[in-house]
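All remarks here apply to the structure that follows.
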Amino acid sequence: MSRAAESHGAFVPFALPDIGEEEIEAVVATLRAGWITTGPKTREFEQAFGDYLGGGLECVAVNSATAGLHLALAAVDISPGDEVIVPTHTFTATAEVVGYLGAEPRLVDIDPKTYCLDPEAVAAAISSRTAAILPVHYGGLSADMNALMEIAGAHGLKLVEDAAHAFPTRYRGELVGTLESDGAVFSFYATKTIATGEGGMLVTRNPELARSARVMRLHGIDRDAFDRYSTKRPSWYYEVVTLGFKYNLTDVASAMGLEQLKKADAFHARREYLAERYIDSLRQLPLVMPPRPEGDSTHAWHLFVIQLGDDVPSTRDEVIRRLHDLGVGCSVHYIPLHRQPYWKERYSLSAEQFPNSERLFQRAISLPIYTRMTDEDQDRVIEALHTVVGDV
Ligand SMILES: Cc1ncc(COP(=O)(O)O)c(C=O)c1O
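Here it is, written out as structure tokens:
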């Protein structure tokens, strides 16, 4: 079906997954095969994901990026009393996983050039308790990883990437997931660039870290259920070697993930096309376009975040409301963590400590961008924006 024929009519939603017959057939085949929890499809998905990133990596499939981040931090030994540097401009999962380990997230401001962790703010936030840096590749554009790798190296800190938005993203020619960090964690949540409903992948170059994450992924058992039922050992035998969690990805989800992965390049091309089309069509409006990748870096365009220019008299909330009335769904990424009651109260945070994040928050609108969006859908968003902010 052509993109035009598929148009979604009355309302352009903020996000939609792109599930085709291939995913449906793969899921049905897995259901018919009878192995529905972690097993051969999950192995295949891990292998294919690693191959996509160029090989030589360990991939650990998990049931969410939150789970993957928790495992990665646990595997690098984040412990009570440690601090982990996290951007304030993120989803709560990034900070929450630090708390799971009894450690403290140390929130820092973002760089207005990337909307990701500001390396200078990171350097200023390092204390004797700092154990790791946890950057977020916000919206699908990489953080300044060279600067962060340098800081981590100089201070002996672990570096774990929240790559929930960053599949596929290149940083200076290298795919996120292959950089010199301790690990990167991708999300396959329903609205992400490839989706399995819920799901994630922890990727690392470090076999020891991967082994530890694999054991913790399934109750601290020394091998997963698939091995347990397919090797020569008695099927009832297993050993619990550490405190674990229930974080394994099912074969049903992995079957979907394998099909989505085959489409990843086509999906990415469509997102790049839509992003460029927004940039071209909105340039006359009093809006700030999202930061763009430089040189041989690329953007996954999971999010397309505009900011209202200073001369737009309406508030961000009014603009979102009017766009909604014109049939366009938008969102805001994110309400910064320093504004969230739990984090704000726990660390006595105030908006003045995070001026770049505050400025972005006050003006940011995430426009719809997804692969099933037709050119006609996008035209509706563009027209609506011209109507709402075009006449200032
Ligand atoms: C920046 C960021 N980190 C982590 C997560 C958690 O991902 P998941 O829903 O796969 O646990 C999200 C989810 O949206 C996110 O946006």
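Residue numbers (my numbering): 7 to 398.
Here a beta-carbon is modelled for each residue, glycine too, at the ideal position from N, C-alpha and C.
Nothing here was measured: the structure is a model prediction, and the numbers come from that model.
- Under DSSP, the beta-bridge partners assigned to SER372 are VAL311, SER337.
- Per the DSSP secondary-structure output, LEU123 pairs in a beta bridge with ILE116.
- With a beta-carbon spacing of about 7 Å, ARG322 and ALA370 fall inside the 8 Å limit used to define contacts.
- In the structure shown, GLY203 falls within a strand segment according to DSSP collapsed to helix, strand and coil.
- Under the criterion of beta carbons closer than 8 Å, SER372 and SER337 qualify as touching, at roughly 4 Å.
- Taking 3 residues as the shortest admissible run, the region 132 to 157 contains the following complete beta strand (DSSP E) segments, listed from N- to C-terminal end: 136 to 139.
- Taking the Cα of ILE25 as reference, the smallest distance to any Cα among PHE360, ALA270, TYR58, SER134 is reached at ALA270.
- For ARG223, the closest alpha carbon among the candidates VAL247, LEU391, LYS238 is that of VAL247.
- Following the DSSP letters along the chain, one finds GLU167 inside the beta strand (DSSP E) bounded by residues 164 to 168.
- The C-beta distance from GLU204 to ALA32 rounds to 17 Å, too long to meet the 8 Å contact threshold.
- Under the 10 Å beta carbon count, GLU364 is surrounded by 16 or more other beta carbons and is classified as buried.
- Residues of the same chain with a CB within less than 6 Å of the CB of MET295, apart from the 5 flanking positions on each side, are ILE285 in chain order.
- When C-beta atoms of the region 144 to 153 are compared with those of the region 296 to 314, three or more pairs fall below 8 Å, so the two segments count as touching.
- When beta bridges are read from the DSSP output, THR210 appears opposite GLU64.
- In terms of side-chain proximity, the C-beta atom of GLY206 is found nearer than 7 Å to a non-hydrogen atom of ligand 1.
- The beta carbons of SER303 and ARG176 sit about 5 Å from each other, so the pair counts as a contact at 8 Å.
- A Cβ-Cβ contact shorter than 8 Å links ILE91 with VAL128.
- The three-state secondary structure of ALA259, taken from DSSP, is helix.
- Short note on HIS76: C-beta not closer than 7 Å to any heavy atom of ligand 1.
- Separation of ASN254 and VAL394 (C-alpha to C-alpha, rounded to the nearest whole angstrom) is 46 Å.
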